[in-house]
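Student: Under full-length UniProt numbering, read the sequence shown as residues 1 to 258, first letter to last.
Note that CB positions come from ideal geometry on N, CA and C, so glycine has one too.
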Amino acid sequence: MNTQIQIKKIANGKKLNDVEQRVLNYIIENIDDVMSMGVRGIAKNNYTSTSVIMRLTKKLGFTGFVDMHYKLYPQIKNSTQISLTNTAYQHNNLFSIPHLTQFNDYHLLQAFAEKLSLLDHKFFFIYATGFSGIIAEYIHKKLLVLGKKSMLASGSDSAAVFENNLSHIGIFLAVSKSGHTEQVVNKARTARENNIFVVSFTNELANPLAELSDINFKIEDNNKLDDLNIFPNPFFPNLLMLFEAITYEYHQQIIAKQ
Numbered sequence: 001m002n003t004q005i006q007i008k009k010i011a012n013g014k015k016l017n018d019v020e021q022r023v024l025n026y027i028i029e030n031i032d033d034v035m036s037m038g039v040r041g042i043a044k045n046n047y048t049s050t051s052v053i054m055r056l057t058k059k060l061g062f063t064g065f066v067d068m069h070y071k072l073y074p075q076i077k078n079s080t081q082i083s084l085t086n087t088a089y090q091h092n093n094l095f096s097i098p099h100l101t102q103f104n105d106y107h108l109l110q111a112f113a114e115k116l117s118l119l120d121h122k123f124f125f126i127y128a129t130g131f132s133g134i135i136a137e138y139i140h141k142k143l144l145v146l147g148k149k150s151m152l153a154s155g156s157d158s159a160a161v162f163e164n165n166l167s168h169i170g171i172f173l174a175v176s177k178s179g180h181t182e183q184v185v186n187k188a189r190t191a192r193e194n195n196i197f198v199v200s201f202t203n204e205l206a207n208p209l210a211e212l213s214d215i216n217f218k219i220e221d222n223n224k225l226d227d228l229n230i231f232p233n234p235f236f237p238n239l240l241m242l243f244e245a246i247t248y249e250y251h252q253q254i255i256a257k258q
C-alpha cells in the first residue's frame, strides 16, 4: 500500500502538520526497527523532539508510543507483504478458490491485468442487466478508484449511451451469468465490429458472449436453470473474488514498472 495512503488511513481525518507527517512516514517505513530506536532515536533521526512524537501518538488516539507500535505493526506489515510480493505462489495463496482456478488460467488474469494497466486514454464500457448489474456496478467503482475511466450501462439505458461513445471505448466489459442475454450479446457483437477489445464474465458452459470475447472468464454456475437467482449460488461472490484477483495482478504489474 502507498505510504501516503497508509498515513491518511492512520490519521483518520486528524490534521497532521508537516513534522508529524514526516515522523509518521518514518515510523511506517521503519516499523521493524522503531521499537529498538525508541522515542529518542526516532526524534534524533527526524531532527525533532521527543515531545513531538508523544503528541503525535496522543493525536492519533494511542495511549503512548508502545501502544501505537503494537496496534500499527500488524496493519502495516499485512499491507506491505501483500502489495510487494510478485509471485504466482502468493497469488494462489490469496485467491485459492478451486472454482476460479479450475476454469481460468493464471496467465489469462495476467493478460487482462496488462490490458488494464495500459488503458489510459480510452474508457471501459461496462454492461450488464439484472443481478449481473450489481456486480457490474462494483467493477465500475473499482476501476474508478484505480484511476481508470469507466462508463456503466444496463438494459434500462438508451442504446445511444453505448453507440454514441464507440470511438471513446477501449475495452467493452460484459457480465452475464448465462452468456445468452440478448442485449449483452448484441452489444458485444457491436463492440467487436468496431475493433473494441471485449472481456466477459460468464458461466463455464459454451455461450455466444464467450465466443465474441477476446478474453472470457468462466465462473461455475451451480444452478444453471435458476434464471431468477432464487436459490443459493456462489456464482456472483466468486465473480467478485475473481475480479479482485485481477486487481491484484494489476497492482503487481504497476509495482514491476516502477
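I'd like to confirm the pairing. Which residues does DSSP put opposite Y127 in its beta bridges?
Tutor: BP columns for Y127 point to A153 and A174.
Student: Can we say the region 160-170 touches the region 130-147, given the rule of at least three CB pairs closer than 8 Å?
Tutor: The region 160-170 vs the region 130-147: no contact.
Student: Quick one: any contact between the region 221-238 and the region 246-258, if contact means 3 or more CB pairs under 8 Å?
Tutor: Too few Cβ pairs lie closer than 8 Å, so no.
Student: Using the rule of at least 16 other Cβ atoms within 10 Å of the residue's Cβ for burial, across every protein chain shown, is H177 buried or exposed?
Tutor: It should be noted that the sequence gives Lys, not His, for residue 177. With 16 or more Cβ atoms within 10 Å of its Cβ, K177 is classed as buried.
Student: What's the C-alpha gap between residue 259 and Y138?
Tutor: Past the boundaries of the shown model lies residue 259; the chain is included only from 1 to 258, so the question cannot be answered.
Student: Check whether the Cβ atoms of K115 and I215 sit closer than 9 Å, and answer yes or no.
Tutor: Yes. Within cutoff.
Student: Straight-line CA distance for S49 to S167?
Tutor: If you take the alpha carbons of S49 and S167, they lie about 58 Å apart.
Student: From the DSSP secondary-structure annotation, give me the bridge partner or partners of F231.
Tutor: Its beta-bridge partners do not exist; DSSP assigns none.
Student: Could you tell me which residues DSSP puts in a beta bridge with S200?
Tutor: DSSP output for S200 lists A174 and N216 as bridge partner(s).
Student: Answer with buried or exposed for D32, where buried requires no fewer than 16 other C-beta atoms within 10 angstroms of its C-beta.
Tutor: It is exposed - the Cβ of D32 has fewer than 16 other Cβ atoms within 10 Å.
Student: Along the alpha helix (DSSP H) that carries F162, what are the first and last residues, could you check?
Tutor: Looking at the DSSP string, the run of the alpha helix (DSSP H) that includes F162 is A160 to E163.
Student: State the beta-bridge partners of I42 as determined by DSSP.
Tutor: In the DSSP output, where bridge partners are listed per residue, I42 has none listed.
Student: Return yes when the Cβ of S132 is within less than 9 Å of the Cβ of F217, no when it is not.
Tutor: No, the pair does not count as a contact, with Cβ atoms beyond the cut-off.
Student: Are the CB atoms of S154 and T129 nearer to each other than 9 Å?
Tutor: Yes, the Cβ-Cβ distance between S154 and T129 is below 9 Å.
Student: With DSSP as the reference, identify every bridge partner of I254, one or two as the case may be.
Tutor: For I254, which the question treats as bridged, DSSP gives no partner whatsoever.
Student: I31 by DSSP, collapsed to three states: which one?
Tutor: Coil, per DSSP.
Student: Pull the bridge partners of I134 from the DSSP assignment, please.
Tutor: Its beta-bridge partners do not exist; DSSP assigns none.
Student: Determine the direct distance from the alpha carbon of I219 to that of T202, and round the result to whole angstroms.
Tutor: Approximately 6 Å, taken between the alpha carbons.
Student: Have a look at H140, S117, D120 and I196 and flag the residue whose alpha-carbon is nearest the alpha-carbon of Y127.
Tutor: Of H140, S117, D120 and I196, the residue nearest in Cα terms is H140.
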